[in-house]
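S.K.: Going letter by letter, the sequence shown gives residues 6 to 452 in our numbering. Even for Gly, the Cβ is constructed at its ideal location relative to N, Cα and C. Since the model is a prediction, treat every value here as computed from it, not as a measurement.
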Amino acid sequence: MTANNMDDLVALCKRRGFIFQSSEIYGGIQGVYDYGPLGVELKNNIKKSWWASIVYDRDDVEGLDASILTHPEVLNYSGHEDTFTDPMVDCKSCGERFRADQVPDYCNEEDLTEPRQFNLMFKTNVGPIEDGSSFAYLRPETAQQIFINFKNIVDSTSRKPPFGIAQIGKAFRNEITPRNFIFRVREFEQMELEYFVEPGEDEKWHKIWIDERLKWWEDQGVSKNNIKLLNVEKDELAHYSKATVDLMYKFPHGLEELEGIANRTDFDLGSHSKNQNELHIKSKTKLNKGSNSKLAVQREDNSWFVPFVIEPSAGVDRGFLAILNEAYKEESLENGTKRVVLALKPHLAPIKAAIVPLKKNNEKLVNLAKKLKKELQNQKLGRVILENTGNIGKSYRKHDEIGTPMCITVDFDSLDKETVTVRDRDSMAQQVIPINELTEFYKKFLN
Numbered sequence: 006m007t008a009n010n011m012d013d014l015v016a017l018c019k020r021r022g023f024i025f026q027s028s029e030i031y032g033g034i035q036g037v038y039d040y041g042p043l044g045v046e047l048k049n050n051i052k053k054s055w056w057a058s059i060v061y062d063r064d065d066v067e068g069l070d071a072s073i074l075t076h077p078e079v080l081n082y083s084g085h086e087d088t089f090t091d092p093m094v095d096c097k098s099c100g101e102r103f104r105a106d107q108v109p110d111y112c113n114e115e116d117l118t119e120p121r122q123f124n125l126m127f128k129t130n131v132g133p134i135e136d137g138s139s140f141a142y143l144r145p146e147t148a149q150q151i152f153i154n155f156k157n158i159v160d161s162t163s164r165k166p167p168f169g170i171a172q173i174g175k176a177f178r179n180e181i182t183p184r185n186f187i188f189r190v191r192e193f194e195q196m197e198l199e200y201f202v203e204p205g206e207d208e209k210w211h212k213i214w215i216d217e218r219l220k221w222w223e224d225q226g227v228s229k230n231n232i233k234l235l236n237v238e239k240d241e242l243a244h245y246s247k248a249t250v251d252l253m254y255k256f257p258h259g260l261e262e263l264e265g266i267a268n269r270t271d272f273d274l275g276s277h278s279k280n281q282n283e284l285h286i287k288s289k290t291k292l293n294k295g296s297n298s299k300l301a302v303q304r305e306d307n308s309w310f311v312p313f314v315i316e317p318s319a320g321v322d323r324g325f326l327a328i329l330n331e332a333y334k335e336e337s338l339e340n341g342t343k344r345v346v347l348a349l350k351p352h353l354a355p356i357k358a359a360i361v362p363l364k365k366n367n368e369k370l371v372n373l374a375k376k377l378k379k380e381l382q383n384q385k386l387g388r389v390i391l392e393n394t395g396n397i398g399k400s401y402r403k404h405d406e407i408g409t410p411m412c413i414t415v416d417f418d419s420l421d422k423e424t425v426t427v428r429d430r431d432s433m434a435q436q437v438i439p440i441n442e443l444t445e446f447y448k449k450f451l452n
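(1) Please say whether Ser54 and Gly353 have beta carbons closer to each other than 8 angstroms?
(2) Could you have a look at Ala148 and say whether DSSP puts it in helix, strand or coil?
(3) Please check the pair Gln435 and Thr426, which I expect to be a contact at CB under 8 angstroms, by giving their CB distance rounded to whole angstroms.
(4) Using a 10 Å radius around the Cβ and a threshold of 16 neighbouring Cβ atoms, would you call Tyr31 buried or exposed?
(5) Can you look up Lys104 in the DSSP assignment and give me helix, strand or coil?
(6) Looking at Asp273 and Val314, is the spacing between their C-beta atoms short of 8 angstroms?
(7) In angstroms, rounded to a whole number, what distance separates the CA positions of Asn307 and Ala301?
(8) Starting from Ala358, trace the beta strand (DSSP E) both ways and give me its first and last residue.
(9) List the residues that DSSP assigns as beta-bridge partners of Asp39.
(10) Would you list the residues sitting across from Glu199 in a DSSP beta bridge?
(11) Which whole-angstrom value is the C-beta distance of Ala248 and His211, which I expect to be below 8 angstroms?
(12) What distance in whole Å lies between the Cβ atoms of Lys52 and Ile173, which are believed to be in contact at a cut-off of 8 angstroms?
(13) Measure the alpha-carbon distance for Glu119 versus Ala105 and round it to whole angstroms.
(14) Tell me the rounded alpha-carbon separation between Glu46 and Asp322.
(15) Select from Pro317, Asn268, Asp240 the residue whose C-alpha is nearest the C-alpha of Glu262.
(16) With a threshold of 7 angstroms, establish whether the CB of Glu194 neighbours any heavy atom of the ligand NAP.
(17) Buried or exposed for Gln303, please, with buried defined as at least 16 other CB atoms from any protein chain shown within 10 angstroms of its CB.
(18) Find out if the Cβ-Cβ distance for the pair Phe186, Leu17 is shorter than 8 angstroms.
(19) Nearest-angstrom Cα distance between Ser58 and Trp221?
(20) Within a Cβ cutoff of 7 angstroms, which residues of the same chain sit near Cys112, ignoring the five residues on either side of it in sequence?
(21) In angstroms with no decimal places, state the Cα-to-Cα distance between Ala359 and Ser400.
(22) Evaluate Ser419 with the Cβ neighbour count: other Cβ atoms within 10 Å of its Cβ, from every protein chain shown; 16 or more gives buried, anything less gives exposed.
(23) Within 10 angstroms of its Cβ, does Glu335 collect 16 or more other Cβ (buried), or is it exposed?
(24) What is the DSSP secondary structure of Phe123, counted as helix, strand or coil?
(25) DSSP three-state label for Met93, please.
(26) With a cut-off of 8 angstroms on the beta carbons, I'd call Thr409 and Lys365 a contact; round off their distance for me.
(27) Exposed or buried, what is His244 when buried is set at 16 or more other beta-carbons lying within 10 Å of its beta-carbon?
(28) Give the range of the alpha helix (DSSP H) segment to which Phe446 is assigned.
(29) Judging by CA-CA distance, which residue of Leu338, Val108, Met411, Lys128 is the nearest neighbour of His85?
(30) What does DSSP give as the partner residue(s) for Val427 in the beta ladder?
(31) Does the pairing of the stretch 290-297 with the stretch 75-89 give three or more beta-carbon distances under 8 angstroms?
(32) Report back the beta-carbon spacing between Val361 and Ile397 to the nearest angstrom; my notes put them in contact at under 8 angstroms.
(33) Would you check if there are 3 or more beta carbon pairs closer than 8 angstroms linking the stretch 135-143 to the stretch 160-168?
(34) How long is the line joining the alpha carbons of Glu392 and Gln35, rounded to whole angstroms?
(35) Looking at the unbroken beta strand (DSSP E) that takes in Glu316, where does it start and where does it end?
(36) Please report the distance separating the alpha-carbon of Leu284 from that of Trp309.
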């Protein structure tokens, strides 16, 4: 089961502290959001899972954390200054501006201006003088910093293709019409891998990475029944792409892109390399007069080649929304009430366990609960909290709704018999566990 509509998810996120409108007390900024106490935990867990699968679980990927401020020449030679645009129209009736393909029904066609191209990149001054001569862009994607660091990483790690460089980080796009909650926003995070291969090996690796990424999303709880593979038509491909497959997900607002896996050919390294005329670059690139680095690999026979690039590129925020949507459930209970459950995978859950004393004012129960909380927290598997409200039923419902996999009740048997009651979020089943076995039970449960 998924959420019935976006309103359910938005309400849950606000009510439980997952996501807030940024600068809300001053009216907010459209298309900009803040992640609250639970949201930042879930978001970090998604990123940790991606990083583990891409970097730690493989022997052929290095990591990078590059700057957000981007030299304008980087985005000149990458093609962003010329092509990173959306068509924009004005409505003469309501006075608003829209992306040409996202005009609302209340605007009449005869009231719209002719579309014109709008560059989506944010520009900022660098240094104290604002004369336009010294500026940088906020990066519109994380990929370009990977390409311009290619030689640095090859030289420092002795890597040879096939290998990859991974990065998670913020990107910024001045969207004309931000929409659908955190799906299309102006400030967002990306999880991107640039995987470098020999020309001729690119199609094989493209298929491998499509399969890898599908499996990863399934491991995060995203049903393959809600994902459709879309082979992007040739006339709709980005200027750098030989082939792109989009993983289209059934969001509450419709089928939209969750992740793209592109065969970028040798366009990127070829665009940023010096001595282009010596490298037999297959893509159409600008003549680069500024680069001081040869972004190519030398074979054992001393010949040079520019690697092709396979790029799995996913948005953290879109992934957050998809995972939240998949986990959201409303269940009717036997007593006629309903409960909302976030059936998150344990490794993604913002809170791994809640320790709940039966009586909030009983010093012995509370002290034992604090001791158990500390023991479980010391396992370093994620956040464990003390939930000392004195109302067991409400505590269970709260933790069902925020996705906590288990609640551990400390009652008078905990003092007399040294046992606790562990409640499972999904089944609501309860079992009594000896306190001296709780830590091992907790570790096995989460794994």
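M.R.: According to the structure data:
(1) Here the sequence assigns Leu to residue 353, which means Gly is not the residue at that position. Taking 8 angstroms as the Cβ cut-off, Leu353 and Ser54 qualify as a contacting pair.
(2) helix
(3) 5 angstroms
(4) exposed
(5) The displayed chain sequence assigns Arg, not Lys, to residue 104. Looking at Arg104 - three-state DSSP - the assignment turns out to be strand.
(6) yes
(7) 12 angstroms
(8) 356-362
(9) Phe25
(10) Ile170
(11) 6 angstroms
(12) 5 angstroms
(13) 9 angstroms
(14) 13 angstroms
(15) Pro317
(16) Ligands displayed in this structure: none; no statement on the ligand NAP is therefore possible.
(17) exposed
(18) no
(19) 8 angstroms
(20) Cys96, Ser98, Cys99
(21) 9 angstroms
(22) buried
(23) exposed
(24) strand
(25) strand
(26) Rounded, the Cβ-Cβ distance is 18 angstroms, inconsistent with contact.
(27) exposed
(28) 443-451
(29) Lys128
(30) Ile413, Gln436
(31) yes
(32) 6 angstroms
(33) no
(34) 35 angstroms
(35) 313-320
(36) 7 angstroms
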